[in-house]
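Q: Before we start, here is the structure in question, set down as structure tokens.
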Amino acid sequence: MKSRRIDLQRIRFDRTTAVIGAFGAVFAIATGVLGFMTASLERDNASLTSDRAALISAKEELEFQLVTANAEVAARDETVSSLRAENQVLRAAAPYTVDPDDVHPLRATAAITLARNGDTIDLNSVMPNFGAGGTMAWSDSVRYDGDELRFGYGVSSLTLPSGIAKYETCAAATGYASSSSIEVHLLKEPAVCLRLQSGRFAAVQVTRFDEASVDVTFTVWE
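Per our numbering, the very first residue in the sequence shown carries number 53; after that it's consecutive.
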């Protein structure tokens, strides 16, 4: 009986040892798998860290390029503004000139007679009589009152110090003053320029006058 008990105990011990050995083997395998997975995760994490660092570096480079580009645009805009301002100053300082060989298109020219307190004409008209008719004054209109040519609103005049009133001289001249009327005896020389409300230029010359009427020649350019 005693020998049988010893055998049973030995069998149990052997089984326990076998089970422990099996658990040890499983644990060793699990440890190996866990180590492999840990190493793999560490490699993946290192790769992700490297990729993240590369992305951050690329982002910083793009931000730097954007800042540089914005600075270049601002500098260019400042240069353009400076050049425009300089160009405006130069334009303002340069005298306005018209090429004397440039034949500017004529809008209308006519020698007409205006009666005292008679018809009013329109210097913007292309009619042979400048649309004579009526007595109301309007922009760029002209009538005779027996002593003066009276202009509607918007007309400015200038008497040239020398030369003849032509498009190139009238357009280039400075010193125009708003005029509501001009005494006809001051218009005997072909040296008076008119600047109309419409922006056109005109020349005026009186060839004869008395209290009843005046003979006057108008030339208007486009």
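Every residue gets a Cβ at the ideal spot worked out from N, C-alpha and C, and that includes glycine.
(1) CB-CB under 7 Å to Ser-230, same chain, minus the five flanking residues each way: which ones, in chain order?
(2) What are the residues that DSSP puts in a beta bridge with Phe-203?
(3) Asp-171: beta carbon under 8 Å from a heavy atom of the ligand COA?
(4) Looking at C-alpha atoms only, which residue of Asp-262, Cys-222, Ser-232 is the closest neighbour of Leu-255?
(5) Given Ala-217, which residues of its chain have a CB within under 7 Å of its CB, disregarding the five upstream and five downstream residues?
(6) With a threshold of 8 Å on Cβ separation, who are the neighbours of Gly-215 within its own chain once the five nearest residues in sequence on each side are excluded?
(7) Based on DSSP bridge pairs, tell me the residues matched to Val-119.
(8) Leaving out five residues on either side along the sequence, give the residues of the same chain with a beta carbon under 7 Å from the beta carbon of Asp-174.
(9) Going by the CB atoms, is the gap between Ser-232 and Phe-203 shorter than 9 Å?
(10) For Arg-252, tell me which candidate among Leu-100, Lys-240, Arg-159, Thr-165 has the shortest Cα-Cα distance.
(11) Could you tell me which residues DSSP puts in a beta bridge with Arg-247?
(12) Taking buried to mean at least 16 other C-beta atoms within 10 Å of its own C-beta, is Thr-259 buried or exposed?
(13) How long is the line joining the alpha carbons of Ile-234 and Leu-248, rounded to whole angstroms?
(14) Residue range of the alpha helix (DSSP H) that Glu-220 falls in?
(15) Could you check if Phe-261 is buried or exposed, using at least 16 other CB atoms within 10 Å of its CB as the buried criterion?
(16) Where does Asp-262 fall in DSSP's three states?
(17) What's the gap between the Cα of Ala-264 and the Cα of Tyr-228?
(18) Do you know how far the Cα of Gln-140 is from the Cα of Ile-111?
A: Quick look at the numbers:
(1) Ser-208
(2) Val-194
(3) With respect to small molecules bound, the structure shown includes none, and the ligand COA cannot be examined in it.
(4) Going by the sequence as given, residue 255 is Ala instead of Leu. When each option's Cα is compared against that of Ala-255, the closest is Cys-222.
(5) Pro-242, Ala-243, Val-244, Cys-245, Ala-255
(6) Thr-221, Ala-243
(7) DSSP lists no partner for Val-119.
(8) Phe-182, Gly-183, Asp-192, Ser-193
(9) yes
(10) Arg-159
(11) Ser-208, Phe-253
(12) exposed
(13) 15 Å
(14) 219 to 224
(15) buried
(16) coil
(17) 29 Å
(18) Sequence inspection shows Lys at residue 111; the Ile mentioned does not correspond to that position. Looking at the two C-alpha atoms, the distance is approximately 43 Å.
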